[in-house]
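Okay, structure first, notes after.
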Amino acid sequence: MTNLYSFLSRYFCVFLCVLPLSATPARAGLQELLPTPSKVEALRCLPFSLGRSIQLEDPSGCVLLKRWLSQQSTLEEEAEAVVKVKIDPELTLFDYFLEGFPAEGYEMEVCANEITIVAATSLGVIRATQTLMQLADTTTQIPACRISDAPAFKLRGVMHDVGRSFLGIEELRREIDLLSRFKINTFHWHLTENQAWRFEVKAYPQLT
């Protein structure tokens, strides 16, 4: 996580808050979510444990959720725990319209043997999954909680200027993947300006 926060500091001003000494690991994990959800409530019950058989009921077919759960646990039809997903277009969460950006709002409840996700669209399921991934980043237990979330800003982007900070394709892909885990949804690739065209096109060598 240290390297990850160092990386993020290149793009954001990050304000770190010292947790009270009385904070439990579960509550600390909820307070470390980035970006902070609209509403987070810790529940007084056992956490949801990974590393066991889990049943996934997901009509949205979220590839990210299925892939992440299969990496953490064994997916079975009859299992010790269940993750349930429901798509509800009428979900009443603040999420204003912007063309090309679907609604991202979701509600999630985590208990000892069940996680329920209600989202306005399939994109909301992805956002809920990214929250789960953060909560389980350094542990096999997801704290019992109730979360309601929708973005304050529909367009959350990062720009990379190759003329001033050149990166190889694999490193750029790695950084985009890391940023997407924190719900960054727009990548602006600044390829050219009046001084030069930095992206090699072999058919037009004079551009570079």
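Residue numbering for the sequence shown is 10 to 217, as defined by my numbering.
For every residue, glycine included, the Cβ atom is placed at its ideal position computed from N, Cα and C.
Asked: Which residue wins for smallest C-alpha separation from Leu55, given the options Thr201, Ser189, Ala161, Pro152?; Found: Pro152
Asked: Exposed or buried, Arg177, counting other C-beta atoms within 10 Å across all chains shown (16 or more means buried)?; Found: Note that residue 177 is Gly in the sequence shown, not Arg. Counting Cβ neighbours within 10 Å, Gly177 comes out exposed, since fewer than 16 surround it.
Asked: Would you mind sorting Leu107 into buried or exposed? The rule is 16 or more other CB atoms within 10 Å of its CB.; Found: exposed
Asked: My output table needs one value for Ser79: the three-state DSSP class, helix, strand or coil.; Found: helix
Asked: Quick one: Cα of Ser131 to Cα of Lys95, how far?; Found: 9 Å
Asked: Does the stretch 69–78 come close enough to the stretch 105–120 to have 3 or more Cβ pairs within less than 8 Å?; Found: no
Asked: Check for me: the alpha helix (DSSP H) holding Glu180 runs from which residue to which?; Found: 178–190
Asked: Over what stretch of residues does the beta strand (DSSP E) that includes Leu65 continue unbroken?; Found: 62–66
Asked: Could you pull the start and end residues of the alpha helix (DSSP H) that Gly133 belongs to?; Found: 131–144
Asked: Please tell me whether Glu85 and Ser62 are closer than 7 Å, where the distance is taken between their beta carbons.; Found: yes
Asked: Exposed or buried, which one is Ala159 when buried takes at least 16 other CB atoms within 10 Å?; Found: buried
Asked: Between the Cα of Ala121 and those of Asp146, Ala90, Phe103, spot the shortest distance and give me the residue it belongs to.; Found: Ala90
Asked: Roughly how many whole angstroms lie between the Cα atoms of Val134 and Thr149?; Found: 21 Å
Asked: Using only alpha-carbon positions, find the residue among Val171, Met168, Ala137 that is nearest to Leu43.; Found: Ala137
Asked: Which stretch, first to last residue, makes up the beta strand (DSSP E) that contains Ile193?; Found: From DSSP, Ile193 is part of no beta strand (DSSP E); its letter is neither H nor E.
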